[in-house]
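A.B. asks: Here it is, the structure in full.
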Amino acid sequence: MRESTSPPLYEVPEKGGLADLIASNAVEDPDAPAFHRKVDGRWEPVSAAEFYTEVTDLARGLIAKGVERGDRVGLLSGNRYEWSLVDFALWVIGAAPVPIYLTSSTEQIEWILGDSGAVAVVVETEAHENVIQGMRGKLPALRHVWQIDGGAVEHLRAAGADVDPAAVEERRTAVLPEDTATIIYTSGTTGMPKGCVLSHANLFAEAGNAVALLRAMFGPLGDIPASTLLFLPLAHVFGRMVEVGAMVARTPIAHCSDVKQVPAELISYKPTFLLSVPYVLEKAYNTARRKAYEAGKGKVFDTAAATAIAYSEAQRPGLGLRMRHALFERLVYRRVRAAFGGNLRFAISGGAALGERLTHFYRGCGITVFEGYGLTETSAAVTVNSLDSFRPGTVGRVLPSVRMRIDDDGEVQCTGGPVFAGYWNNDEANAESFTEDGWFRTGDIGEFDEYGHLRITGRKKEILVTSGGKNVSPAVIEDRIAAAPLVAQALVVGDGQKYIAALITVDSEYLEHWKAGAGKPADAAVSDLIDDPDLLHELQRAVDEGNAAVSTAEAVRRFRVLPKEFTVESGHLTPSLKLRRSVIMADFADEVAELYS
1 MRESTSPPLY
11 EVPEKGGLAD
21 LIASNAVEDP
31 DAPAFHRKVD
41 GRWEPVSAAE
51 FYTEVTDLAR
61 GLIAKGVERG
71 DRVGLLSGNR
81 YEWSLVDFAL
91 WVIGAAPVPI
101 YLTSSTEQIE
111 WILGDSGAVA
121 VVVETEAHEN
131 VIQGMRGKLP
141 ALRHVWQIDG
151 GAVEHLRAAG
161 ADVDPAAVEE
171 RRTAVLPEDT
181 ATIIYTSGTT
191 GMPKGCVLSH
201 ANLFAEAGNA
211 VALLRAMFGP
221 LGDIPASTLL
231 FLPLAHVFGR
241 MVEVGAMVAR
251 TPIAHCSDVK
261 QVPAELISYK
271 PTFLLSVPYV
281 LEKAYNTARR
291 KAYEAGKGKV
301 FDTAAATAIA
311 YSEAQRPGLG
321 LRMRHALFER
331 LVYRRVRAAF
341 GGNLRFAISG
351 GAALGERLTH
361 FYRGCGITVF
371 EGYGLTETSA
381 AVTVNSLDSF
391 RPGTVGRVLP
401 SVRMRIDDDG
411 EVQCTGGPVF
421 AGYWNNDEAN
431 AESFTEDGWF
441 RTGDIGEFDE
451 YGHLRITGRK
461 KEILVTSGGK
471 NVSPAVIEDR
481 IAAAPLVAQA
491 LVVGDGQKYI
501 AALITVDSEY
511 LEHWKAGAGK
521 PADAAVSDLI
531 DDPDLLHELQ
541 RAVDEGNAAV
551 STAEAVRRFR
561 VLPKEFTVES
571 GHLTPSLKLR
581 RSVIMADFAD
591 EVAELYS
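Taking UniProt numbering, I'd label the letters of the sequence shown as residues 1 to 597.
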């Protein structure tokens with residue numbers, strides 16, 4: 001067993017909660033922009049003082065509506081200014097926001113609100129409100145549904161007009177670091193998501209130490225003030241960490257809710273750093289390369305890319321490499337940065353591996369990408385690369401305040417400031433997730449290199465992570481698909497890929513019945529029908545049934561029919577008939593590759 005630890009660079013406050021950040025910012029630097037909002041096509045600043053006033057007014061309304069300290073309140077919305085406004089207003093009064101992905105299925109939304117015992121929910125649109133209203137009979141604790149597009153903020157402000165502002169300050173100063181700050185539901189292996197209970201202290205430790213370690217990223221770029229465009233969902237702990245970190249660093253945030261608008265918003269807002277996932281960076285690279293080839297400059301781009309990689313890899317670039325790099329800075333690299341607005345110099349990438357090649361490419365172009373590793377249960381990152389210790393191909397060294405060890409079976413385990421205390425209302429999951437001495441079992445397999453940097457080499461638990469950073473529990477949808485009579489087994493794939501797909505085997509006994517009803521030759525084998533439109537249509541119905549139980553990001557987009565069922569004899573099933581995922585993935589690597597070609 002190897003262990004690594006790093007002392008904290010940031011001390012968690014002994015009293016108070018996250019809302020104290022915006023209160024102190026409003027007093028100590030009232031005119032500094034805390035956010036930028038798009039108003040009539042222009043980015044307008046919201047000062048620290050203005051934001052705190054708006055938060056306080058909203059908090060008065062929440063108090064008037066009976067939201068108490070410790071109450072859970074659902075938050076179903078895309079990224080927008082009001083998301084952060086509601087988030088901090090709930091923290092001010094000691095309540096706990098429960099974020100919900102926009103892509104969550106109706107079943108998941110009902111489960112999250114019911115399991116958390118949410119007393120209210122803030123939704124973005126009328127369509128969201130209709131979904132909630134349709135399940136209110138099953139949610140006895142739910143008293144209020146407020147719609148942002150329907151004037152929720154204005155309604156709550158009006159409701160709180162008669163509440164003494166002192167009541168808000170009384171609530172804020174009563175919050176303790178160990179109080180629950182949020183419950184974030186993450187994919188579980190038994191069906192419905194599990195609620196990760198994160199305290200104010202957890203998020204303080206995470207964001208505070210990340211800012212201290214990556215101070216250059218959160219600081220100005222010469223005379224250009226630091227800023228970030230937050231387009232990854234605030235419902236995800238990754239986005240939440242940056243929201244809190246920006247308040248710690250006093251760095252303004254702009255929101256973007258539509259991924260399709262990210263390229264345009266990057267150019268208009270011109271952030272200095274980004275929170276990203278590999279998919280976004282991969283797509284930006286592929287787009288730049290495609291445009292170069294369309295313009296007849298493909299060879300120039302490829303040579304520039306190779307030069308950027310070599311320049312980043314070299315500890316001391318020689319004169320020739322420096323000259324080529326300077327040439328391509330004028331021809332290519334500044335255009336790559338221009339696609340991100342022109343001011344971008346740093347990014348944090350997580351959720352899946354970016355890879356050494358692209359990491360070196362971006363650094364050679366003038367954009368340093370810090371890869372990190374973490375989970376919802378660890379308040380986001382527990383390891384991250386930094387300027388002081390940068391090793392592409394790894395996920396960095398342990399974050400200050402974290403202790404990490406590699407168990408005898410290779411599992412990464414950790415404890416420390418950002419690590420949560422347990423799941424909400426789930427003793428069984430808690431018993432499985434912690435060692436006897438209190439360390440969190442990540443379920444991931446890893447190793448430290450000679451410099452103390454972590455490499456993730458596999459997953460002990462069967463959770464897939466797409467290149468977009470979405471955690472997917474394959475068992476949920478596999479069971480649903482396999483419930484169809486024509487399906488023998490379904491294996492969901494997509495780890496590190498852009499989307500989720502599946503390998504499907506056909507039940508040999510039911511196939512005979514299906515062939516007769518579908519008018520297929522009696523002697524036709526599955527191998528004869530792999531591309532048969534009728535068979536594919538029937539299997540698509542099974543996939544659609546499975547997709548109904550999960551979010552859009554977790555849904556199977558493509559599938560491939562295999563000619564034979566998985567069996568114990570073939571080595572694809574355990575004696576207890578469980579799928580041997582690693583064996584199947586190795587034996588059918590070509591079929592999996594075709595799903596993404």
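Idealized CB from N, CA, C, for every residue including glycine.
Please read all numbers here as calculations on a predicted model, not as lab measurements.
Starting from Gly372, follow its DSSP beta bridges and name the residues at the other end.
C.D. replies: The partner list for Gly372 (beta bridge, DSSP) reads Val384.
A.B. asks: Give, in chain order, every unbroken run of the beta strand (DSSP E) that is at least 3 residues long and sits entirely within the region 303–369.
C.D. replies: Entirely contained in the region 303–369, the beta strand (DSSP E) runs reaching 3 residues are, in chain order, 346–349.
A.B. asks: How far does the alpha helix (DSSP H) with Ile112 in it extend, from its first residue to its last?
C.D. replies: Per DSSP, Ile112 belongs to the alpha helix (DSSP H) from 106–116.
A.B. asks: Look up Ala120 in the DSSP assignment and give the residues it is bridged to.
C.D. replies: Answer by DSSP bridge pairing, in chain order: Val73, His144.
A.B. asks: In the structure shown, what three-state DSSP assignment does Tyr293 receive?
C.D. replies: Correct three-state label for Tyr293: helix.
A.B. asks: Find out if the Cβ-Cβ distance for the pair residue 598, Ser312 is shorter than 9 angstroms.
C.D. replies: Residue 598 lies beyond the range of the chain shown here (1 to 597); nothing can be said about it.
A.B. asks: For Val163, which of helix, strand or coil comes out of DSSP?
C.D. replies: Looking at Val163 - three-state DSSP - the assignment turns out to be coil, as it is neither helix nor strand.
A.B. asks: With a threshold of 8 angstroms on Cβ separation, who are the neighbours of Glu165 within its own chain once the five nearest residues in sequence on each side are excluded?
C.D. replies: It is Pro, not Glu, that sits at residue 165 in the sequence shown. Cβ neighbours of Pro165 beyond the five flanking positions: Thr56, Arg60.
A.B. asks: Quickly, what does DSSP pair Glu44 with across the bridge? List them, please.
C.D. replies: Beta-bridge pairing links Glu44 to Arg37.
A.B. asks: Excluding the 5 residues flanking Asp31 on each side, which residues of the same chain have their C-beta closer than 6 angstroms to its C-beta?
C.D. replies: These residues qualify, in order along the chain: Ser47.
A.B. asks: Would the beta-carbon of Val277 fall within 9 angstroms of that of Ser104?
C.D. replies: It is not a contact, given that the beta carbons lie outside the stated cut-off.
A.B. asks: Beta carbon of Leu344, beta carbon of Glu282: below 9 angstroms?
C.D. replies: It is not a contact, given that the beta carbons lie outside the stated cut-off.
A.B. asks: What's the C-alpha gap between Thr189 and Ala429?
C.D. replies: At Thr189, the pLDDT of 39 sits below 50, so the modelled position is not reliable; the number obtained from the coordinates is stated separately. Roughly 10 angstroms between the two C-alpha positions.
A.B. asks: When the Cα atoms are used, what is the spatial distance from Asp532 to Ala475?
C.D. replies: Their Cα atoms are separated by approximately 27 angstroms.
A.B. asks: Which term fits Gly17, buried or exposed, when burial requires 16 or more other beta carbons within 10 angstroms of its beta carbon?
C.D. replies: That one is buried.
A.B. asks: Give the range of the alpha helix (DSSP H) segment to which Trp67 is assigned.
C.D. replies: First, the amino acid is wrong: residue 67 is Val here, not Trp. Neither: Val67 is in no alpha helix (DSSP H) and is coded neither H nor E.
A.B. asks: Excluding the 5 residues flanking Phe328 on each side, which residues of the same chain have their C-beta closer than 6 angstroms to its C-beta?
C.D. replies: Hits under 6 angstroms: Ala304, Thr307.
A.B. asks: Which residue from Thr378, Tyr10, Tyr185 puts its Cα closest to that of Ile109?
C.D. replies: Taking only the C-alpha atoms, the option nearest Ile109 is Tyr185.
A.B. asks: For Asn99, report the span of its beta strand (DSSP E) as first-last.
C.D. replies: The question names Asn, but residue 99 in the sequence shown is Pro. Here the beta strand (DSSP E) through Pro99 covers 96–100.
A.B. asks: Tell me whether Val583 sits in a helix, a strand or coil according to DSSP, three-state version.
C.D. replies: Three-state result, Val583: helix.
A.B. asks: Taking the beta strand (DSSP E) that Ile183 belongs to, which residues open and close that run?
C.D. replies: Element bounds for Ile183: 180–186.
A.B. asks: On the criterion of 16 or more Cβ atoms from any shown chain inside 10 Å, does Thr368 qualify as buried, or is it exposed?
C.D. replies: Thr368 is buried by the Cβ-count criterion.
A.B. asks: Name the one or two DSSP bridge partners that Gly422 has.
C.D. replies: Val197.
A.B. asks: Name, in chain order, the residues that DSSP records as bridge partners for Ile224.
C.D. replies: Its beta-bridge partners are Leu221.
A.B. asks: On the DSSP letters alone, give me the boundaries of the alpha helix (DSSP H) that Glu594 sits inside.
C.D. replies: Segment 589–594, the alpha helix (DSSP H) holding Glu594.
A.B. asks: So what does DSSP say about Val395, is it helix, strand or coil?
C.D. replies: Coil.
A.B. asks: Measure from the alpha carbon of Tyr362 to the alpha carbon of each residue in Pro220, Ala210, Pro392, then state which is nearest.
C.D. replies: The shortest Cα separation from Tyr362 among Pro220, Ala210, Pro392 belongs to Pro392.
A.B. asks: According to DSSP, is Phe273 part of a helix, a strand, or is it coil?
C.D. replies: Three-state DSSP puts Phe273 in a strand.
A.B. asks: What's the C-alpha gap between Ser389 and Arg397?
C.D. replies: Approximately 8 angstroms between the Cα atoms of the pair.
A.B. asks: Return the CA-CA distance between Phe88 and Val73, expressed in angstroms with no decimal places.
C.D. replies: Near 12 angstroms, if we compare the C-alpha coordinates of Val73 and Phe88.
A.B. asks: Have a look at Val592, Glu206, Asn79 and flag the residue whose alpha-carbon is nearest the alpha-carbon of Arg403.
C.D. replies: Ranking Val592, Glu206, Asn79 by Cα distance to Arg403 puts Glu206 first.
A.B. asks: Just the Cα atoms here: how many angstroms apart are Leu399 and Leu9?
C.D. replies: Each residue's Cα considered, the two are about 9 angstroms apart.
A.B. asks: Short of 8 angstroms in beta carbon distance, which residues of its chain neighbour Arg136, apart from the five on each side in sequence? Order them along the chain.
C.D. replies: Excluding positions up to five away in sequence, the list reads Leu142, Val145.
A.B. asks: Does at least one heavy atom of the ligand GTP sit under 8 angstroms from the Cβ of Gly298?
C.D. replies: Although the ligand GTP was asked about, the structure shown includes no ligands whatsoever.
A.B. asks: Helix, strand or coil: how does DSSP classify Ile22 here?
C.D. replies: Helix at Ile22.
A.B. asks: Please work out which residues of its chain come closer than 8 angstroms, Cβ to Cβ, to Arg157, disregarding the five sequence neighbours upstream and downstream, and give them in chain order.
C.D. replies: Cβ neighbours of Arg157 beyond the five flanking positions: Asp57, Leu58, Arg60, Gly61.
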